[in-house]
Amino acid sequence: MASLDLTKPEFWDLGSVDKELRRIYDICSGCRRCLPLCPSFKVLFDRLDV
């Protein structure tokens, strides 16, 4: 899932969505530069147990 295109079948494929979310969360978990800027990230990381 390289782009946000509602017309592509990959957008609606749960396996594809799960793969992309895990990729993005892995990047966020490794970087965390914006963690002190937004309280939502603390909640996200607490719920993901990272």
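If you use numbering that gives the first Met the number 0, the sequence shown corresponds to residues 0 to 49, in order.
Even glycine gets a Cβ: it sits at the ideal position worked out from N, Cα and C.
Q | Within 8 angstroms, strictly: CB atoms of F10 and S28 | A | no
Q | Pair within 8 angstroms by beta-carbon distance, F40 and L34 | A | yes
Q) Secondary structure at L13, three-state DSSP: helix, strand or coil? A) helix
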